[in-house]
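Chains as they are written, first to last, in the numbering used here: chain A, 1 to 328; chain B, 329 to 709.
Step one of this worksheet: look at the structure below.
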Amino acid sequence: MLGFIIKRLLWMVPSLIAVSFLAFVLIQLPPGDYVTTYIATLAASNEIVDQNAAAELRSRFGLDQPFLFQYVKWISGVILRGDFGLSFEWQQPVSELIWERMALTLVVTISTLILTWAIAFPIGVYSAVRQYSIGDYVTTFIGFLGLAVPSFLLALVMMYVAVVQFGQDVGGLFSPEFQTAPWSWGKVENLLEHLWVPVVILATNGTASLIRIMRANMLDELHKPYVTTARAKGLSEFRLLLKYPVRLAVNPFISTIGWLLPNLVSGALIVAVVLSLPTAGPLLLQSLMSQDMYLAGAFVLLMCTLTLVGTLLSDILLALVDPRIRFD
Amino acid sequence: MTAQIDAIPPDAPAPVASRFAAASQWQLVWWSFRKHKLAMVGAAITLIIYIVAAAPDFFATTDPSQQNARAVYHPPQALHLFATTAEGTTVFTPHVKLMVLRRDPVTLAPIYQEDPGRRIDLRFFAEGYPYRLFGLIATTTHLIGSTDPRQQIFFLGSDRLGRDVWSRIVKGCQISMSIGLVGVFLSLLVGVLLGGISGYYGGRIDFVIQRVIEFILALPTIPIWLALAAALPQDWPALLHYFMITLILSVIGWAQLARVVRGRFLSLRTEDFVTAARLDGCSEMRIIFRHMLPSFMSHIIASVTLAIPAMILAETALSFLGLGLQPPVISWGVLLREAQNIRSIVTAPWLFAPGAAVVLAVLALNFLGDGLRDAADPYNK
Numbered sequence: 001m002l003g004f005i006i007k008r009l010l011w012m013v014p015s016l017i018a019v020s021f022l023a024f025v026l027i028q029l030p031p032g033d034y035v036t037t038y039i040a041t042l043a044a045s046n047e048i049v050d051q052n053a054a055a056e057l058r059s060r061f062g063l064d065q066p067f068l069f070q071y072v073k074w075i076s077g078v079i080l081r082g083d084f085g086l087s088f089e090w091q092q093p094v095s096e097l098i099w100e101r102m103a104l105t106l107v108v109t110i111s112t113l114i115l116t117w118a119i120a121f122p123i124g125v126y127s128a129v130r131q132y133s134i135g136d137y138v139t140t141f142i143g144f145l146g147l148a149v150p151s152f153l154l155a156l157v158m159m160y161v162a163v164v165q166f167g168q169d170v171g172g173l174f175s176p177e178f179q180t181a182p183w184s185w186g187k188v189e190n191l192l193e194h195l196w197v198p199v200v201i202l203a204t205n206g207t208a209s210l211i212r213i214m215r216a217n218m219l220d221e222l223h224k225p226y227v228t229t230a231r232a233k234g235l236s237e238f239r240l241l242l243k244y245p246v247r248l249a250v251n252p253f254i255s256t257i258g259w260l261l262p263n264l265v266s267g268a269l270i271v272a273v274v275l276s277l278p279t280a281g282p283l284l285l286q287s288l289m290s291q292d293m294y295l296a297g298a299f300v301l302l303m304c305t306l307t308l309v310g311t312l313l314s315d316i317l318l319a320l321v322d323p324r325i326r327f328d
Numbered sequence: 329m330t331a332q333i334d335a336i337p338p339d340a341p342a343p344v345a346s347r348f349a350a351a352s353q354w355q356l357v358w359w360s361f362r363k364h365k366l367a368m369v370g371a372a373i374t375l376i377i378y379i380v381a382a383a384p385d386f387f388a389t390t391d392p393s394q395q396n397a398r399a400v401y402h403p404p405q406a407l408h409l410f411a412t413t414a415e416g417t418t419v420f421t422p423h424v425k426l427m428v429l430r431r432d433p434v435t436l437a438p439i440y441q442e443d444p445g446r447r448i449d450l451r452f453f454a455e456g457y458p459y460r461l462f463g464l465i466a467t468t469t470h471l472i473g474s475t476d477p478r479q480q481i482f483f484l485g486s487d488r489l490g491r492d493v494w495s496r497i498v499k500g501c502q503i504s505m506s507i508g509l510v511g512v513f514l515s516l517l518v519g520v521l522l523g524g525i526s527g528y529y530g531g532r533i534d535f536v537i538q539r540v541i542e543f544i545l546a547l548p549t550i551p552i553w554l555a556l557a558a559a560l561p562q563d564w565p566a567l568l569h570y571f572m573i574t575l576i577l578s579v580i581g582w583a584q585l586a587r588v589v590r591g592r593f594l595s596l597r598t599e600d601f602v603t604a605a606r607l608d609g610c611s612e613m614r615i616i617f618r619h620m621l622p623s624f625m626s627h628i629i630a631s632v633t634l635a636i637p638a639m640i641l642a643e644t645a646l647s648f649l650g651l652g653l654q655p656p657v658i659s660w661g662v663l664l665r666e667a668q669n670i671r672s673i674v675t676a677p678w679l680f681a682p683g684a685a686v687v688l689a690v691l692a693l694n695f696l697g698d699g700l701r702d703a704a705d706p707y708n709k
């Protein structure tokens with residue numbers, strides 16, 4: 001088991017390097033660099049920067065160096081000092097802007113993951129055991145609908161319903177009085193009161209596909225001889241289900257977390273923009289719009305790392321549950 | 329193909345067995361697809377949507393970019409097919425009820441009220457704004473239109489500039505549906521190439537390509553698409569921008585398809601008929617294209633059908649966030665931007681209509697793809 005975890009951890013290294021490289025390429029992609037933007041900002045306030053000063057600035061930030069050198073400089077800053085560079089738009093180090101938002105993103109994502117599981121697992125088992133029953137058809141239909149309705153549309157509809165029916169705004173994660181307040185129990189409670197809206201919206205999308213997967217897995221297992229044997233031996237139907245087929249069907253289910261998480265992070269981004277949540281999504285979008293690339297790059301890097309770590313965890317979890325993978 | 333023999337149950341009545349034994353693969357696929365009622369419905373809807381996408385102006389009632397300051401947030405008008413004449417008989421006269429603009433005496437907010445006595449008569453194949461059918465034939469005929477060209481009709485209401493939502497959805501259908509096709513086609517090129525190489529040669533190349541695919545599939549797509557789209561210069565011509573967006577969508581889209589292709593290659597590589605072809609001295613190209621490709625073609629078509637809705641949703645999301653296609657290009661995502669703020673959707677809930685179009689198209693394609701996937705392997709019964 002330990003060997004498997006170590007091997008899997010070692011695999012993370014090239015992936016993380018690739019992700020950080022990708023993030024840096026994205027930072028470098030828009031035309032111009034930090035100094036061009038800086039000069040433009042200064043020019044807006046009628047300060048003229050001459051060519052020499054610009055060149056000096058460039059060499060000070062290492063912008064005249066080759067791409068790879070800049071990448072190494074950036075990534076070592078990120079790893080060693082937690083320094084993601086400077087946000088032009090906010091005139092602040094990126095690291096001061098991102099952590100609280102990333103933490104809230106994590107809260108939203110993990111809550112959604114738990115809710116998705118809690119809904120999909122029993123319904124998936126139910127619709128497999130009662131295949132072609134009304135309940136099965138209803139969940140299948142809702143499942144397809146959940147797949148087809150983009151999460152942002154669902155968020156918009158929910159906002160519309162909340163305003164028209166209840167005269168209430170469901171956007172945001174905090175009430176106005178808590179928005180800028182320091183963290184306290186009151187604030188956490190307030191967060192929990194608001195959290196369910198984005199979580200339910202996001203869960204709808206993932207639940208649909210997970211139910212399909214769980215149902216298909218269960219259907220594969222239900223008609224195998226060992227189930228018949230267990231039934232013949234007089235095991236109660238409920239215990240039989242939980243003890244054998246569910247136990248086997250859950251394996252592919254766990255590995256789906258690996259791809260559920262990237263979808264979730266993507267979905268959370270758009271839903272957060274619609275509901276104006278104080279998570280990473282809206283700030284990432286804003287930074288991309290204003291080409292504030294170090295900020296955007298930091299978000300892309302962290303979001304990708306988040307999903308990679310999620311995949312890693314789901315792989316380890318899978319190995320814990322399924323001995324066949326451990327000894328492979 | 330040993331499976332073909334298994335497909336005929338030994339005790340089956342002879343005529344049926346011979347019918348199946350003699351049928352081509354595509355016939356078998358079609359027979360098994362036909363049984364899927366939901367997939368047939370999906371296929372029909374998909375067909376209709378693509379017909380609309382091929383000639384959107386024919387189905388539009390008003391020029392999609394025409395603004396009308398006197399019809400801002402005009403509510404939808406239902407289409408009535410029959411009207412009662414003065415003598416009390418019901419006659420086939422397609423029409424909509426005329427709505428007049430009034431102002432609320434206190435708030436001065438515009439209110440549209442149905443004028444009970446008046447109606448706008450409609451005609452099929454009516455004259456309207458000039459356009460080119462399929463981009464070629466200049467014509468002014470539209471499927472349905474008002475008999476009086478000065479009267480504008482709004483089946484799905486109008487937006488904040490008084491543009492007809494129905495006509496814009498129909499027009500946006502062209503871009504949204506084609507971006508799915510083009511994007512999937514690009515993904516397919518890369519996917520088949522890399523997936524094929526990976527599955528056919530195996531070994532180290534396979535290992536590397538597999539790791540790359542796993543890596544790509546583990547990334548959250550939207551942030552990367554957004555970052556790539558944000559790097560596109562805003563002053564590029566619309567067509568180039570459109571093409572770049574599809575390219576960006578395929579940067580990640582190919583991985584899933586490559587996986588499917590590789591899986592099929594791997595399972596076919598050891599089949600008897602492939603070994604036979606190899607022993608006969610066929611070239612690799614011939615083995616791949618003549619012997620292997622036909623037997624996994626149906627799988628590819630099914631995967632492609634399932635990939636299109638994902639592309640459509642991706643484009644919608646990007647455009648909705650403002651980093652995808654830009655106005656004046658009309659796509660469903662661009663239209664949904666109108667519904668972005670809560671104030672406008674409360675005034676005009678019909679701005680959700682493009683969203684309904686997205687859901688309909690995606691559902692139809694999903695059902696179609698699901699049916700195709702189940703039917704793709706007709707020998708595996």
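Every residue gets a Cβ at the ideal spot worked out from N, C-alpha and C, and that includes glycine.
Since this is a predicted model, take the numbers as computed values, not measurements.
Contact check, residue i vs residue j, beta carbons under 7 Å
{"i": "ILE640(B)", "j": "ARG496(B)", "result": "no"}
{"i": "THR307(A)", "j": "ALA397(B)", "result": "no"}
{"i": "ILE481(B)", "j": "VAL424(B)", "result": "yes"}
{"i": "GLY297(A)", "j": "LEU104(A)", "result": "no"}
{"i": "ALA667(B)", "j": "LEU679(B)", "result": "yes"}
Minimum Cβ-Cβ distance from residue i to chain B less than 7 Å
{"i": "PRO198(A)", "result": "no"}
{"i": "PRO262(A)", "result": "yes"}
{"i": "ILE6(A)", "result": "no"}
{"i": "ILE48(A)", "result": "no"}
{"i": "PRO30(A)", "result": "yes"}
Length of the line joining the Cα atoms of residue i and residue j
{"i": "LEU195(A)", "j": "ILE550(B)", "result": "22 Å"}
{"i": "TRP11(A)", "j": "ARG60(A)", "result": "36 Å"}
{"i": "ALA54(A)", "j": "ILE48(A)", "result": "10 Å"}
{"i": "PHE174(A)", "j": "ASN190(A)", "result": "6 Å"}
{"i": "ILE270(A)", "j": "ASP169(A)", "result": "18 Å"}
{"i": "MET343(A)", "j": "ASN251(A)", "result": "It is not possible to answer for residue 343(A), since the shown part of chain A is limited to 1 through 328."}
{"i": "GLY456(B)", "j": "SER111(A)", "result": "53 Å"}
{"i": "LYS709(B)", "j": "ARG701(B)", "result": "Residue confidence for LYS709(B) is low, a pLDDT of 46 falling below 50, so the modelled location carries little weight; the figure read from the coordinates is stated next. Their Cα atoms are separated by approximately 13 Å."}
{"i": "ILE552(B)", "j": "THR109(A)", "result": "18 Å"}
{"i": "GLN394(B)", "j": "ILE213(A)", "result": "47 Å"}
{"i": "ALA155(A)", "j": "THR598(B)", "result": "49 Å"}
{"i": "THR256(A)", "j": "LEU264(A)", "result": "12 Å"}
Rounded Cβ spacing between residue i and residue j (contact assumed at less than 8 Å)
{"i": "PRO282(A)", "j": "ALA272(A)", "result": "6 Å"}
{"i": "LEU461(B)", "j": "ALA383(B)", "result": "6 Å"}
{"i": "MET218(A)", "j": "PRO245(A)", "result": "6 Å"}
{"i": "ALA18(A)", "j": "VAL300(A)", "result": "With 8 Å as the limit, ALA18(A) and VAL300(A) do not qualify as a contact, their Cβ atoms being about 13 Å apart."}
{"i": "PRO422(B)", "j": "LEU409(B)", "result": "5 Å"}
{"i": "ALA120(A)", "j": "THR207(A)", "result": "5 Å"}
Partner residues on chain A for residue i, Cβ-Cβ distance less than 9 Å
{"i": "PRO316(B)", "result": "Examination of residue 316(B) is not possible in this model, given that chain B is present from 329 through 709 alone."}
{"i": "VAL687(B)", "result": "LEU145, ALA148, VAL149, PRO150 and LEU153"}
Contact list for residue i against chain A, beta-carbon separation under 8 Å
{"i": "VAL400(B)", "result": "Chain A residues near VAL400(B): none, gap ~20 Å exceeds 8 Å."}
Amino acids of chain A, ordered along the chain, whose beta-carbon sits closer than 7 Å to that of residue i
{"i": "PRO548(B)", "result": "PRO262, VAL265, SER266, MET303, CYS304 and THR307"}
{"i": "GLY683(B)", "result": "LEU153"}
{"i": "ASN694(B)", "result": "PHE144, LEU147 and ALA148"}
Test: residue i CB closer than 7 Å to a CB of chain A
{"i": "LYS709(B)", "result": "Residue placement at LYS709(B) is flagged as unreliable, the pLDDT there being 46, under the threshold of 50; a coordinate-derived value is accordingly withheld."}
{"i": "PHE543(B)", "result": "yes"}
{"i": "ILE373(B)", "result": "no"}
{"i": "VAL662(B)", "result": "no"}
{"i": "LEU691(B)", "result": "yes"}
{"i": "ILE324(B)", "result": "Chain B is shown from 329 up to 709; residue 324(B) falls before or after that span and cannot be answered."}
{"i": "LEU522(B)", "result": "no"}
{"i": "LEU641(B)", "result": "yes"}
{"i": "LEU649(B)", "result": "yes"}
Residue i: contacting residues in chain B (beta-carbon distance under 7 Å)
{"i": "GLY258(A)", "result": "ALA546"}
{"i": "THR311(A)", "result": "ALA546"}
{"i": "LEU269(A)", "result": "ILE550 and PRO551"}
Interface residues of chain B facing residue i [CB-CB closer than 8 Å]
{"i": "PHE299(A)", "result": "PRO551"}
Chain B contact residues for residue i, given Cβ-Cβ distances below 9 Å
{"i": "ALA296(A)", "result": "PRO551, LEU554, ALA555 and ALA558"}
- Near-chain C residues of the segment 280 to 292 of chain A - C-beta to any C-beta below 8 Å: Among the protein chains of the structure shown, namely A and B, there is no chain C.
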